[in-house]
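2 protein chains.
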Amino acid sequence: MSKALPKRSENYSEWYNEIVKRADLAENSAVRGCMIIKPYGYAIWEKMQRALDDMFKATGHQNAYFPLFVPKSFLEKEEEHAEGFAKECAVVTHYRLKANPDGKGLVVDPNAKLEEELIIRPTSETVIWNAYKGWIQSWRDLPLLINQWANVVRWEMRTRLFLRTTEFLWQEGHTAHATEAEAVEETEKMLGVYADFAENWMAMPVVKGLKTPGERFAGAVETYCIEALMQDGKALQSGTSHFLGQNFARSFDVQFVNKENKLEYAWATSWGVSTRLMGALIMAHSDDKGLVLPPRLAPIQVVIVPIYKSEEDLAKISEAVNPIFEELKAAGISVKYDDSDNQRSGWKFAEYELKGVPVRLGLGMRDLENGSIEVARRDNLTKESRPLEGIVEYVTNLLDEIQANIYQKAARFRQENTFRIDTWDEFKERIEKGGFISAHWDGTAETEEKIKEETKATIRCIPLDAPEEEGTDIYSGKPSTKRVIFAKAY
Amino acid sequence: MSKALPKRSENYSEWYNEIVKRADLAENSAVRGCMIIKPYGYAIWEKMQRALDDMFKATGHQNAYFPLFVPKSFLEKEEEHAEGFAKECAVVTHYRLKANPDGKGLVVDPNAKLEEELIIRPTSETVIWNAYKGWIQSWRDLPLLINQWANVVRWEMRTRLFLRTTEFLWQEGHTAHATEAEAVEETEKMLGVYADFAENWMAMPVVKGLKTPGERFAGAVETYCIEALMQDGKALQSGTSHFLGQNFARSFDVQFVNKENKLEYAWATSWGVSTRLMGALIMAHSDDKGLVLPPRLAPIQVVIVPIYKSEEDLAKISEAVNPIFEELKAAGISVKYDDSDNQRSGWKFAEYELKGVPVRLGLGMRDLENGSIEVARRDNLTKESRPLEGIVEYVTNLLDEIQANIYQKAARFRQENTFRIDTWDEFKERIEKGGFISAHWDGTAETEEKIKEETKATIRCIPLDAPEEEGTDIYSGKPSTKRVIFAKAY
Numbered sequence: 038m039s040k041a042l043p044k045r046s047e048n049y050s051e052w053y054n055e056i057v058k059r060a061d062l063a064e065n066s067a068v069r070g071c072m073i074i075k076p077y078g079y080a081i082w083e084k085m086q087r088a089l090d091d092m093f094k095a096t097g098h099q100n101a102y103f104p105l106f107v108p109k110s111f112l113e114k115e116e117e118h119a120e121g122f123a124k125e126c127a128v129v130t131h132y133r134l135k136a137n138p139d140g141k142g143l144v145v146d147p148n149a150k151l152e153e154e155l156i157i158r159p160t161s162e163t164v165i166w167n168a169y170k171g172w173i174q175s176w177r178d179l180p181l182l183i184n185q186w187a188n189v190v191r192w193e194m195r196t197r198l199f200l201r202t203t204e205f206l207w208q209e210g211h212t213a214h215a216t217e218a219e220a221v222e223e224t225e226k227m228l229g230v231y232a233d234f235a236e237n238w239m240a241m242p243v244v245k246g247l248k249t250p251g252e253r254f255a256g257a258v259e260t261y262c263i264e265a266l267m268q269d270g271k272a273l274q275s276g277t278s279h280f281l282g283q284n285f286a287r288s289f290d291v292q293f294v295n296k297e298n299k300l301e302y303a304w305a306t307s308w309g310v311s312t313r314l315m316g317a318l319i320m321a322h323s324d325d326k327g328l329v330l331p332p333r334l335a336p337i338q339v340v341i342v343p344i345y346k347s348e349e350d351l352a353k354i355s356e357a358v359n360p361i362f363e364e365l366k367a368a369g370i371s372v373k374y375d376d377s378d379n380q381r382s383g384w385k386f387a388e389y390e391l392k393g394v395p396v397r398l399g400l401g402m403r404d405l406e407n408g409s410i411e412v413a414r415r416d417n418l419t420k421e422s423r424p425l426e427g428i429v430e431y432v433t434n435l436l437d438e439i440q441a442n443i444y445q446k447a448a449r450f451r452q453e454n455t456f457r458i459d460t461w462d463e464f465k466e467r468i469e470k471g472g473f474i475s476a477h478w479d480g481t482a483e484t485e486e487k488i489k490e491e492t493k494a495t496i497r498c499i500p501l502d503a504p505e506e507e508g509t510d511i512y513s514g515k516p517s518t519k520r521v522i523f524a525k526a527y
Numbered sequence: 038m039s040k041a042l043p044k045r046s047e048n049y050s051e052w053y054n055e056i057v058k059r060a061d062l063a064e065n066s067a068v069r070g071c072m073i074i075k076p077y078g079y080a081i082w083e084k085m086q087r088a089l090d091d092m093f094k095a096t097g098h099q100n101a102y103f104p105l106f107v108p109k110s111f112l113e114k115e116e117e118h119a120e121g122f123a124k125e126c127a128v129v130t131h132y133r134l135k136a137n138p139d140g141k142g143l144v145v146d147p148n149a150k151l152e153e154e155l156i157i158r159p160t161s162e163t164v165i166w167n168a169y170k171g172w173i174q175s176w177r178d179l180p181l182l183i184n185q186w187a188n189v190v191r192w193e194m195r196t197r198l199f200l201r202t203t204e205f206l207w208q209e210g211h212t213a214h215a216t217e218a219e220a221v222e223e224t225e226k227m228l229g230v231y232a233d234f235a236e237n238w239m240a241m242p243v244v245k246g247l248k249t250p251g252e253r254f255a256g257a258v259e260t261y262c263i264e265a266l267m268q269d270g271k272a273l274q275s276g277t278s279h280f281l282g283q284n285f286a287r288s289f290d291v292q293f294v295n296k297e298n299k300l301e302y303a304w305a306t307s308w309g310v311s312t313r314l315m316g317a318l319i320m321a322h323s324d325d326k327g328l329v330l331p332p333r334l335a336p337i338q339v340v341i342v343p344i345y346k347s348e349e350d351l352a353k354i355s356e357a358v359n360p361i362f363e364e365l366k367a368a369g370i371s372v373k374y375d376d377s378d379n380q381r382s383g384w385k386f387a388e389y390e391l392k393g394v395p396v397r398l399g400l401g402m403r404d405l406e407n408g409s410i411e412v413a414r415r416d417n418l419t420k421e422s423r424p425l426e427g428i429v430e431y432v433t434n435l436l437d438e439i440q441a442n443i444y445q446k447a448a449r450f451r452q453e454n455t456f457r458i459d460t461w462d463e464f465k466e467r468i469e470k471g472g473f474i475s476a477h478w479d480g481t482a483e484t485e486e487k488i489k490e491e492t493k494a495t496i497r498c499i500p501l502d503a504p505e506e507e508g509t510d511i512y513s514g515k516p517s518t519k520r521v522i523f524a525k526a527y
């Protein structure tokens with residue numbers, strides 16, 4: 038630990054960047070907009086992957102892998118989709134380099150030009166639906182419930198570690214169904230899986246809702262999303278689930294014989310979450326001392342730090358620590374005993390706080406004499422002395438308590454920063470300070486656009502649980518039947 | 038199941054292709070040389086990944102993720118490396134498409150040309166060592182033991198599902214060390230991990246050895262490999278581990294302060310296995326009925342098929358199956374009960390044989406009356422009737438027996454097809470029939486090349502356990518001190 042972190046309240050953006058860097062989560066690479074996910078950051082992502090993958094499998098999905106390259110002609114097939122992604126495509130035009138005839142190094146070999154350019158997948162609907170044409174003949178082949186874990190590339194001009202990068206890691210589910218109702222059900226089910234994951238693993242409350250037509254995925258009939266509120270009052274879209282209707286089935290001619298023995302186009306969904314969730318996780322919970330990780334996603338859940346002066350003391354402490362360490366491990370807890378001798382315990386305390394380790398156990402000679410151990414919680418930064426006896430059970434329960442507390446804190450924050458607003462003046466004033474604004478919208482793209490122009494706020498979603506309620510649009514004054522969520526967003 | 042598979046003995050190549058296709062492992066995509074890994078094939082790959090990943094972590098490695106793109110200038114930095122990969126590079130030259138001004142569709146936007154071309158990684162030494170420059174300052178930062186799971190692209194002209202594809206999935210370990218001895222030790226340790234995995238998970242015996250200088254990885258000081266023998270008598274390189282010396286540290290200027298307080302270049306290793314292992318697995322064990330999977334890598338280890346005529350019978354059978362199914366699951370066995378009603382049991386038997394499911398349990402009304410169940414082994418195609426009582430324990434042990442038997446069969450095959458040969462005439466005759474040939478080599482690239490020209494055989498490796506033995510080169514007649522392994526190879 039060198040100097041302190043920037044304060045969250047003073048420079049949120051710098052605070053975020055510094056946490057990512059100093060907690061060793063990720064860094065920028067030499068290629069503009071592409072990040073390197075460092076081991077500690079990747080370990081968190083692996084935990085996310087494992088949890089999500091288990092949930093996908095529990096809901097009947099299988100993993101597969103489709104090619105990185107999308108032929109340009111595929112992208113062109115679904116018109117809206119093509120339009121939506123054309124501007125951010127990395128394009129492969131050649132397949133060979135050769136020695137530079139004019140000097141040193143390598144140059145692109147002009148004789149190795151591809152007949153048709155290949156796009157690095159920005160998403161895989163086109164490649165996958167082209168394959169599905171061969172896989173789907175009869176209603177008996179449906180539903181087809183497939184997911185892939187992959188890297189994708191969307192050329193971004195303004196990037197930010199985890200939140201917006203040119204290359205990112207994600208999962209994309211692509212399912213095919215015999216009926217519209219079943220596809221809609223799947224779209225909603227997977228939104229539910231995402232919300233479940235966000236709340237129960239990431240400890241991050243989310244609003245489930247529908248995007249407005251202007252914010253839909255390119256090629257979707259309906260886009261569902263989960264939206265979370267970050268500590269600076271901005272919204273972060275954390276996952277999307279799309280009902281694609283028969284758009285891609287038509288573009289790639291995927292027809293099947295239904296139970297009535299008639300040819301019909303298949304119904305589609307797609308859904309994804311990405312390494313952007315890492316950004317959400319960091320921004321939702323962290324504080325001025327660094328990262329705060331919910332125990333279920335923490336690579337190290339408990340760290341044990343010995344406090345000693347002599348080698349003899351360390352030996353005695355280690356002797357007491359060993360059985361606790363083994364018991365914690367046996368209880369399925371990821372625990373680290375840091376007896377490294379090149380840093381003092383104070384440095385270690387700060388380092389593990391920075392890295393968001395949920396529980397720190399400190400053991401010194403006086404503790405040993407008293408048969409006690411110091412337990413420090415990362416979430417609320419409290420410390421207490423506990424008897425050594427029964428410490429494993431205590432810590433096991435404490436991890437659950439911390440998981441719940443982090444969620445409750447975030448839920449409280451969201452509650453305190455969600456505002457029902459009914460006048461345009463109030464809206465303009467409030468939106469500058471951040472938070473979710475629940476307000477009436479007349480349902481037109483025109484009003485949505487005007488509000489965005491004047492305030493930079495967007496409609497994050499039309500909440501699925503929004504009650505029917507008569508009102509007037511916050512901006513146009515026209516009649517409205519529902520409140521929607523407005524916010525400035527990442 | 039439609040018609041039978043081509044016979045392995047008659048058309049090995051077609052037999053392989055048809056197994057891959059009909060067992061639903063993979064298929065070619067619309068992009069030349071790129072494959073789609075289908076769910077059943079991917080489930081096997083996931084089991085491989087999980088086992089390998091656990092072994093990497095048990096040996097102290099951490100996962101991370103580095104960018105897909107390699108700037109052209111990075112590739113140029115290590116000369117041999119650049120030369121080795123230049124001819125198979127997919128090159129990104131532009132980052133945007135636009136609407137075709139002359140008509141329909143999209144065209145590459147000439148205004149979005151990259152200043153420096155980006156290569157899709159064929160391997161990541163350059164990108165990773167460029168990052169290591171920032172991560173390594175002192176001996177305290179070493180060793181750095183990192184692995185990544187990723188896709189890579191090497192443009193291939195002649196491709197084959199799993200064995201040689203333009204895009205493939207792999208893991209690449211990249212480690213940095215303070216001393217040469219430690220880096221060599223790491224190189225050998227990881228070769229050992231690969232051999233362990235091949236033998237104990239894939240049930241595939243391998244020879245551990247060194248590549249000749251001509252077959253080394255571009256940029257390596259020494260390349261270690263594991264070589265396996267396929268059932269057509271051809272060799273398949275199944276994994277490589279490279280000692281890179283200080284080559285990449287020099288190219289990317291990665292120096293550290295050693296314990297003597299002097300600046301020194303770091304020592305490097307890299308090692309990888311890929312989806313090529315899927316090809317090895319298929320070719321090492323399968324037969325004329327289809328895939329044969331070792332139980333430890335089988336997505337479905339046990340399938341239960343009811344044999345019935347009426348719905349009533351099915352209900353009774355299912356009632357008897359349920360507790361067995363649950364007990365097998367509780368024993369950690371991956372089990373499927375196939376009570377689907379759209380195919381007859383004979384069709385199902387053939388289908389699960391094709392898919393290589395190690396154990397099939399068949400239960401009909403007569404079995405029920407007798408308190409027995411039919412147990413069919415995929416490895417040797419034997420069947421027997423066993424008492425229902427104790428069946429779970431029996432099957433649990435049987436899976437271990439099958440795992441061992443598949444390995445032993447492959448080991449026997451290799452033994453019978455490894456030949457010590459001492460004359461050139463015998464060599465030429467034998468190499469046409471396939472197998473590993475253990476013969477003397479004079480250690481020159483010239484002789485190696487001549488033998489390859491005349492017979493298409495290559496030196497697969499210089500076995501690590503080859504004893505010192507005086508002899509004369511099989512081709513040149515010059516003196517030699519060791520036998521090496523020759524074979525035709527994939």
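Protein sequences, first through last, are from chains A and B. Anchor point for the first sequence: position 378 equals 415 in our numbering, and the numbering is continuous, going up by one each time. Anchor point for the second sequence: position 419 equals 456 in our numbering, and the numbering is continuous, going up by one each time. Note that beta-carbon positions come from the ideal geometry of N, C-alpha and C, so glycine has one too.
Residue closest to residue i, alpha-carbon to alpha-carbon, out of the options
i      : options                        : result
B/E259 : B/R451, B/S278, B/M241, B/W52  : B/S278
B/L143 : A/E154, A/E204, A/L143         : A/E154
A/E483 : A/I522, A/Q208, A/R59, A/T249  : A/T249
B/A220 : B/A303, B/E193, B/K296, B/E421 : B/A303
A/N167 : A/K114, A/E120, A/K519         : A/K114
A/K141 : B/K141, B/E120, B/P331         : B/E120
B/D416 : B/G399, B/L435, B/L400, B/L405 : B/L435
A/T419 : A/W52, A/L89, A/I439           : A/I439
B/V190 : B/F106, B/A60, B/R457, B/E223  : B/F106
A/H477 : A/V521, A/T224, A/L334, A/R449 : A/V521
B/P424 : B/N48, B/K109, B/A357          : B/A357
A/F450 : A/M320, A/H98, A/D146          : A/M320
B/G276 : B/N137, B/E301, B/K226, B/R59  : B/K226
B/D378 : B/F456, B/F111, B/I344, B/R457 : B/I344
Proximal residues of chain B, C-beta to C-beta of residue i below 8 Å
i      : result
A/K75  : A101
A/Y132 : E125, C126, A127, V128, W192
Test item: CB-CB of residue i and residue j under 8 Å
i      : j      : result
B/V230 : B/M92  : yes
A/L134 : A/F473 : no
B/F289 : B/K170 : yes
B/N529 : A/Y79  : Residue 529 of chain B cannot be examined here, being either before or after the span of chain B that is shown, 38 to 527.
Supposed close pair residue i, residue j - CB separation, criterion 8 Å
i      : j      : result
B/N407 : B/L198 : That pair is no contact at about 45 Å.
B/I428 : B/K373 : In fact, because the Cβ distance is near 16 Å, the residues do not count as touching under 8 Å.
A/A95  : A/A272 : Not confirmed; about 29 Å, so no contact.
A/L398 : A/V339 : 6 Å
B/I263 : B/L228 : 7 Å
Proximal residues of chain B, C-beta to C-beta of residue i below 9 Å
i     : result
A/N54 : Going along chain B, no residue has its Cβ under 9 Å from A/N54, so there is no contact; the nearest lies around 16 Å.
Proximal residues of chain A, C-beta to C-beta of residue i below 9 Å
i      : result
B/R177 : N379
| task | Kindly confirm or deny that the region 203 to 215 of chain A and the region 68 to 80 of chain A touch, where touching means at least three C-beta pairs closer than 8 Å. | result | Cβ pair count under 8 Å is three or more, so yes.
| Contact the region 228 to 243 of chain A vs the region 120 to 129 of chain A: 3+ CB pairs below 8 Å | Flag = no, the region 228 to 243 of chain A and the region 120 to 129 of chain A do not touch.
| At a cut of 8 Å, does the region 458 to 471 of chain A reach the region 209 to 224 of chain A through at least three beta carbon pairs? | The region 209 to 224 of chain A and the region 458 to 471 of chain A do not touch, with fewer than three beta-carbon pairs separated by less than 8 Å.
| query | Is the region 456 to 467 of chain B in contact with the region 495 to 504 of chain B, if contact means three or more CB pairs nearer than 8 Å? | reply | As far as the Cβ criterion goes, the region 456 to 467 of chain B does not touch the region 495 to 504 of chain B, which means the pair count is below three.
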